[in-house]
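Protein chains in written order, with the numbering used here: chain A, 1 to 396; chain B, 1 to 169.
Every residue, glycine too, gets a C-beta built ideally from N, C-alpha and C.
Here the structure is laid out as structure tokens; the discussion comes afterwards.
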Amino acid sequence: VSTSIDSELRAVFQEASEFVQPRPGLAESVRLATRRHRRRMAVAIAVVLVVAGSSYLLTAHRQSSPAASHDRPRELLTLPAYYQVQQLAVAGPYLYVLAGEDGEPGSALSAYDRATGRLIHRVSIPAAPSALAVGPGGLVWLSFYPDQNGGPSGTWLLSPDLRLRSSDPNVAQSPIVPVSRTTAFAVTQYGLVTVRMPAPGQPGHASQQVDPGTSIGPGQNTAPGVWAGMLDGRLVAQVTNGYGFDSHLVIAGQPSHTFGGSTLYQAGSVTSTGSSLWVEMFAVRNSYADSSGPLVRLNGQLRPTTPESVRSSAVLTRTENVWSAGNTVWAATAAPGHSLVCFAAGSQIGPVTTLPVSGQVAALAATPDTVYVTTTPRHTDDNFSVTSYPVPGACH
Amino acid sequence: MRAADDADFSAFVAASARRLLRGAYLITGDLAEAEDLLQTALERAYRRWPSIRQKDVPEAYVRKIIVTAAIDAGRRRKFSSAPLNEEQLPGLPDAAVERLPGRTALLSCVRELPPGQRAVLVLRYFDDLTETETARVLGCSVGTVKSQHARAMARLRALLPRQPDGSMT
């Protein structure tokens, strides 16, 4: 069936757009518009300079303002123009921003001081990133492989400030689950692979070893690479078949323990709080153009144990993405006015609390005290930025 | 901008504009909107043309701007978009029109998808990009492309009307 849809999609896209022709004189029209834009920018910059100068003169005699309060949202940093945030991560004093530059090959991983927003170090990644994870000791695991512009495959283990690294050339992993300072599990269609890297800055070669007895299901048509994490000390992977269908969760080494994947519900975004998984599900019978779905909690056997307060939440039934930090669960939702919510998910489930975030959440990283959020800019020309919010007390 | 760059930009537009516009139209379902997106993306590319040209990836650059803007625009009018129908497919050759009933159904189903999922399908099946290339255009991880693709295909399977013999149109 999938092959049939594949070929039908190719045909229908060709036919449906066959009549489309660009306007004559397009290149010249672009040039004219660009000249108009530059004239407008020159005027705007002049106005800004005048206003800024006036403001400076008015405020120069005042004392410098106190440091920004940490009990309210704060725009922590703005990325350079044309950078699009792909993922955020936080560990120790650092906020990591994985971002690609519009139209440029590769991506960049930057470490910022998460208290001040100051850039500590940035490394260029020579190809498309496939996995980013921060492990024990704050060491940063990164994998990449070729995109449309070519480039190499590889896996790096970087020091927390990104200044030192060791590398395993030619092999990219996706996803990676660090288990010690220099060891991580990677998920392949044959089961888990243990990857051992030299410490950052140290010479030497990486080693990889397939772990027997860690099957994630039938090898044929199984495509890992979406998510993996620890649940009750065991590794759980999100896998699909070779066509991208059948997204389900499976305990490595116990391939009969699965959840999701039927036509009624498939696993979307996933996060682990240690002894539970929180999974955003999507029903394939839903004929509405809505990419959100209900949030469910799974126990160590991948059985649903969703609390009633979560199941009955009108906001959480429209979950788009889910993250966690400690016992706090974060959900980006499609519910109007509730772009980002959180709740405590310890022994007691806390009330669902909405943060004052507007726009669609593009990436998030959290500590127990602070959450760092990037939203998709409203205008294509706007720069991406990261805003920090204190975690509401009700979500602890 | 140097005359050579200008000439090079014109050559790029002549060679790539139609393909880019077709992709934009397939994602938005609205030719006027697709034309606006292409114009805006080309303006941005023109402003940085010497640098983009040096990197030799101008089409990827422009496609990325178009797709990002198309998805943003689609999200803003998520609940007001209408399915594409035959009247929005002018100029199809006769042979294509004969196949339209089944394919119109498929196209209508594609239009029911969220803009992000629709973009994944267009990039994969019209632009023939790999999952990695699609992730680069969308500025997301390969895992996100896989899950978006899975959702899109699953929803298409659910939406497509079935023939009496159980096959899909």
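* Buried versus exposed, by CB contacts within 10 Å (16 or more), B/Leu121 -> To locate residue 121 of chain B, count along the second sequence from 1; it is residue 121. The residue in question, B/Leu121, is buried, as its Cβ has 16 or more Cβ neighbours within 10 Å.
* To do: Check whether the Cβ atoms of A/Leu157 and A/Met197 sit closer than 8 Å, and answer yes or no.
  => For the purposes of this step, residue 157 of chain A is taken as the residue at position 157 of the first sequence. For the purposes of this step, residue 197 of chain A is taken as the residue at position 197 of the first sequence. It is a contact, given that the beta carbons lie within the stated cut-off.
* Asked: Among the residues of its own chain, which have a CB less than 6 Å from the CB of A/Thr354, if the five just before and after it don't count?
  -> Position 354 of the first sequence, counting from 1, holds the residue named residue 354 of chain A. Counting only Cβ-Cβ distances below 6 Å, and skipping sequence neighbours, we find His338, Val341.
* How about B/Thr28: is its C-beta nearer than 8 Å to some C-beta of chain A? -> To locate residue 28 of chain B, count along the second sequence from 1; it is residue 28. Output row for B/Thr28: interface = no.
* State buried or exposed for A/Asp382, treating a residue as buried only when at least 16 other CB atoms are found within 10 Å of its CB. => The sequence position of residue 382 of chain A within the first sequence is 382, counting from 1. Per the 10 Å Cβ criterion, exposed.
* Thinking C-alpha only, which one of A/Ser272, A/Gln254, A/Ser292, A/Glu18 is nearest A/Asp401? -> With chain A covering only 1 through 396, there is no way to say anything about residue 401 of chain A.
* Since A/Asp6 meets chain B, which of its residues come closer than 8 Å, beta carbon to beta carbon? -> Translated into the one-based positions of the first sequence, residue 6 of chain A becomes position 6. Near A/Asp6 (Cβ distances below 8 Å), the residues of chain B are Tyr125.
* Asked: What residue range is occupied by the uninterrupted beta strand (DSSP E) comprising A/Glu280?
  -> By one-based count along the first sequence, residue 280 of chain A stands at place 280. Per DSSP, A/Glu280 belongs to the beta strand (DSSP E) from 277-282.
* Decide yes or no for the touch test of the stretch 11-26 of chain B against the stretch 57-77 of chain B: beta carbon pairs closer than 8 Å, at least 3 of them. => yes
* Between the beta-carbon of A/Ser110 and the beta-carbon of A/Arg122, is there less than 8 Å? -> In the first sequence, counting from the first residue as 1, residue 110 of chain A sits at position 110. In the first sequence, counting from the first residue as 1, residue 122 of chain A sits at position 122. The answer is yes: Cβ separation under 8 Å.
* Asked: Of the residues B/Asp30, B/Asp5, B/Ser16, which one's Cα is nearest the Cα of A/Ala414?
  -> In the structure as shown, chain A starts at 1 and stops at 396, and residue 414 of chain A therefore has no counterpart that could be examined.
* Asked: Could one say the Cβ of B/Ser10 lies closer than 8 Å to chain E's Cβ atoms, at least one of them?
  -> Given the protein chain composition of this structure (A and B), no chain E is represented.
* To do: Could you name the residues of chain B that A/Arg31 contacts, counting a contact when the two beta carbons are closer than 7 Å?
  => Working through the first sequence from its first residue, we reach residue 31 of chain A at position 31. Tyr46, listed in chain order.
* Straight-line CA distance for A/Ser7 to B/Lys146? -> Here the question's residue 7 of chain A lines up with position 7 in the first sequence. Here the question's residue 146 of chain B lines up with position 146 in the second sequence. So the two alpha carbons sit approximately 18 Å from each other.
* CA-CA distance, A/Val187 and A/Ala131? -> In the first sequence, the residue the question calls residue 187 of chain A occupies position 187. In the first sequence, the residue the question calls residue 131 of chain A occupies position 131. Each residue's alpha carbon lies about 11 Å from the other.
* **Completely contained alpha helix (DSSP H) runs for the stretch 110-134 of chain B, where each covers 4 or more residues** => 115-125
* For A/Val322, the nearest candidate out of A/Val315, A/Pro73, A/Trp330 (CA to CA) -> Taking the first residue of the first sequence as position 1, residue 322 of chain A is located at position 322. From the listed residues A/Val315, A/Pro73, A/Trp330, the smallest Cα separation to A/Val322 is found for A/Trp330.
* Asked: Taking A/His205 as the reference, which of A/Thr183, A/Val239, A/Pro356, A/Leu26 has the closest Cα?
  -> Looking up residue 205 of chain A in the first sequence gives position 205. Among A/Thr183, A/Val239, A/Pro356, A/Leu26, the Cα nearest to that of A/His205 belongs to A/Thr183.
* Sequence-distant residues of its chain with Cβ nearer than 7 Å to A/Asn299 (five each side left out) -> As a position in the first sequence, residue 299 of chain A is number 299, starting the count at 1. Ser276, Thr305, listed in sequence order.
* Asked: What runs of the beta strand (DSSP E), each 3 residues or longer, lie entirely inside the stretch 91-145 of chain A?
  -> 94-101, 107-113, 119-125, 128-134, 140-145
* Whose Cβ in chain A lies nearer than 8 Å to the Cβ of B/Glu33? -> Position 33 of the second sequence, counted from the first residue, corresponds to residue 33 of chain B. Here the premise fails: no neighbours, minimum Cβ distance about 12 Å.
* Under 8 Å between C-beta atoms, does B/Arg136 make it to chain A? -> Taking the second sequence and counting its residues from 1, one reaches residue 136 of chain B at position 136. Closer than 8 Å: yes.
* Asked: Under a three-way DSSP split, which group does B/Asp5 fall into?
  -> As a first step, residue 5 of chain B must be located in the second sequence, where it is residue number 5. Here B/Asp5 sits in helix by DSSP.
* Supposed close pair B/Ile66, B/Leu20 - CB separation, criterion 8 Å -> What you label residue 66 of chain B is simply residue 66 of the second sequence in a count that begins at 1. What you label residue 20 of chain B is simply residue 20 of the second sequence in a count that begins at 1. Indeed, because the Cβ distance is near 6 Å, the residues count as touching under 8 Å.
* Asked: So what does DSSP say about A/Gln266, is it helix, strand or coil?
  -> Taking the first residue of the first sequence as 1, we reach residue 266 of chain A at position 266. Strand.
* To do: For B/Glu43, decide whether its Cβ has a neighbour in chain A, counting only Cβ atoms nearer than 8 Å.
  => Position 43 of the second sequence, counted from the first residue, corresponds to residue 43 of chain B. It does; some Cβ of chain A falls within 8 Å.
* Asked: Since A/Ile349 sits in a beta bridge, which residues does DSSP pair it with?
  -> As a position in the first sequence, residue 349 of chain A is number 349, starting the count at 1. According to DSSP, A/Ile349 bridges with A/Ala345.
* Asked: Which of helix, strand or coil does DSSP assign to A/Arg311?
  -> By 1-based counting over the first sequence, the position of residue 311 of chain A is 311. A/Arg311 falls in the helix class under three-state DSSP.
* Asked: Does any residue of chain B bring its CB to less than 8 Å from the CB of A/Arg122?
  -> As a first step, residue 122 of chain A is located in the first sequence; it is residue number 122 there, counting from the start. No, its Cβ sits nowhere closer than 8 Å to a Cβ of chain B.
* Taking only beta carbons into account, state which residues of the stretch 112-124 of chain B come closer than 7 Å to chain A, listed in chain order. => Glu112, Leu113, Pro114, Gly116, Gln117, Leu121, Val122
* To do: Taking only the alpha-carbon atoms, compute the straight-line gap between A/Glu18 and A/Leu235 and give it to the nearest angstrom.
  => Reading the first sequence from its first residue, position 18 is the one you call residue 18 of chain A. Reading the first sequence from its first residue, position 235 is the one you call residue 235 of chain A. Spanning the two alpha carbons is a distance of roughly 48 Å.
* **Between the CA atoms of B/Val62 and A/Ser180 - distance to the nearest angstrom** => Along the first sequence, one-based indexing puts residue 180 of chain A at 180. Along the second sequence, one-based indexing puts residue 62 of chain B at 62. The alpha-carbon atoms of A/Ser180 and B/Val62 are separated by roughly 42 Å.
* Taking Cβ positions only, does A/Ser17 come closer than 8 Å to chain B? -> Translated into positions along the first sequence, residue 17 of chain A becomes position 17. Interface residue, yes.
* Asked: Any idea if B/Pro115 is buried or exposed, counting beta-carbon neighbours within 10 angstroms, 16 or more meaning buried?
  -> Translated into positions along the second sequence, residue 115 of chain B becomes position 115. Buried: at least 16 other Cβ atoms inside 10 Å.
* Asked: Taking Cβ positions only, does B/Gln39 come closer than 8 Å to chain A?
  -> Mapped onto the second sequence, residue 39 of chain B falls at position 39. Yes, contact with chain A.
* How would you label A/Gln435, buried or exposed, when you count the other beta carbons within 10 angstroms and need 16 or more for buried? -> Within the shown structure, residues of chain A are numbered from 1 to 396, placing residue 435 of chain A beyond reach of any answer.
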